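To start, the structure itself, in structure tokens.
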Amino acid sequence: MLGSPDEQRAWPPKKQQDHYIGVDRGAFYLTENGYSPDLALGDFDSISEVEKQKIKEHVGTFIEVDPDKEDTDAELSLVYAMKQFDSEKLIVYGWSGGRLDHLMSILMIPLQPRFHKIQGKIEFVNQTNSIKYYQPGVHKVVKEHNKTYCSVIGMTPVKHLSLGQGFKYQLDGVNYDYPAALISNEFVAATANLTFKSGIIAFVQSRD
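The sequence shown begins at 1 in full-length UniProt numbering and counts up by one.
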């Protein structure tokens with residue numbers, strides 16, 4: 001859980017087998033809503049001493065880092081998750097809203113080479129959107145039941161992109177020499193075929 005002032009913040013399901021990481025003010029949001037994070041991590045420059053103490057009372061491990069660090073708090077949380085947890089998914093909450101530079105930097109984190117091996121595990125979720133990252137290959141994407149639209153966002157140039165059966169608007173082997181946003185497509189089936197030969201794609205499902 002990140003600490004953005006997110007009016008569309010979604011909350012993770014409370015499952016005993018899951019691990020929760022609260023990042024900066026996100027740790028306070030979790031503890032205030034009945035979660036006991038495995039880790040609270042950040043420079044905590046956005047919270048008061050009283051709030052910090054409340055976090056410490058409900059968290060497994062509390063790590064406070066120097067504000068003058070090279071990595072952002074969000075980056076550090078993924079570094080920790082990658083090293084400590086062998087998770088099938090890394091779902092990020094509390095990432096939208098607030099400063100645009102923060103939002104853009106967060107959505108670009110999965111493109112960093114050090115996160116390449118977990119790139120496909122990372123998912124950003126709020127009340128009306130989800131974002132997953134895909135590497136080259138053949139993919140069968142699954143429609144989320146509460147979403148209307150889907151968009152294919154090239155985070156890099158993309159080669160030989162095909163949107164096949166299951167998509168309302170289809171493509172066959174198209175090359176994009178620049179990052180391109182193909183928005184407001186729709187599913188016409190429960191799954192759809194997505195293939196490409198090079199590049200990185202962010203696949204967004206959303207509703208109004």
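Yeah, the Cβ is synthetic: ideal placement off N, Cα and C, and Gly gets one too.
Computed from a predicted model, the values in this text were never measured in an experiment.
Given residue i as reference, the closest of the options once Cα atoms are compared
i	options	result
residue 15	34, 28, 27	34
residue 152	201, 1, 74, 95	201
residue 189	54, 207, 141	141
residue 6	86, 87, 100, 197	100
residue 193	168, 207, 184, 178	168
residue 36	43, 50, 47, 61	61
residue 42	26, 30, 31, 32	26
residue 74	132, 122, 88	122
residue 69	85, 52, 45, 136	45
residue 145	83, 49, 82, 205	205
residue 105	72, 115, 117, 116	72
residue 32	20, 38, 177, 58	58
residue 178	110, 165, 157, 191	157
residue 137	91, 83, 163	163
residue 2	12, 17, 24	24
residue 63	80, 48, 11	80
residue 10	17, 18, 29	29
residue 135	12, 203, 56	203
residue 21	165, 85, 49	85
residue 131	13, 48, 92, 19	92
For residue i, the residue or residues it bridges with in DSSP
i	result
residue 123	91, 132
residue 22	40
residue 205	130, 150
residue 171	163
residue 185	150
Neighbourhood of residue i by C-beta, 6 Å cutoff - its chain only, sequence neighbours within 5 removed
i	result
residue 180	154
residue 207	128, 147, 148
residue 82	118
residue 55	27, 28, 31, 40
For residue i, three-class secondary structure by DSSP
i	result
residue 192	strand
residue 178	coil
residue 163	strand
residue 149	strand
residue 140	strand
residue 200	coil
residue 2	coil
CB contact below 7 Å: residue i versus chain D
i	result
residue 73	Protein chains in the displayed structure number just one, and chain D is not present.
Cβ-based neighbour list, residue i, same chain, cut-off 8 Å, excluding 5 preceding and 5 following
i	result
residue 186	148, 149, 150, 167, 168, 169
residue 160	173, 174, 175, 195, 196, 197, 198
residue 8	96, 97, 126, 127, 128, 129
residue 78	90, 109, 115, 118, 122
Cβ-heavy atom distance, residue i to the ligand ATP, below 6 Å
i	result
residue 155	Annotation note on the ligand ATP: not contained in the displayed structure, which lists no ligands.
Beta-carbon contacts of residue i that lie in its chain and below 7 Å, excluding the five residues immediately before and after
i	result
residue 76	41, 65
residue 4	94, 95, 96, 97, 98, 102
residue 183	151
residue 89	121, 123
residue 228	Nothing about residue 228 can be reported from this structure: the residues present for the chain run from 1 to 208 only.
residue 51	28
Original post:
Along the chain, which unbroken stretches of the beta strand (DSSP E) at least 3 residues long are found entirely within the stretch 35-114?
Top reply: Segments of the beta strand (DSSP E) lying fully in the stretch 35-114: 39-42, 61-64, 90-92.
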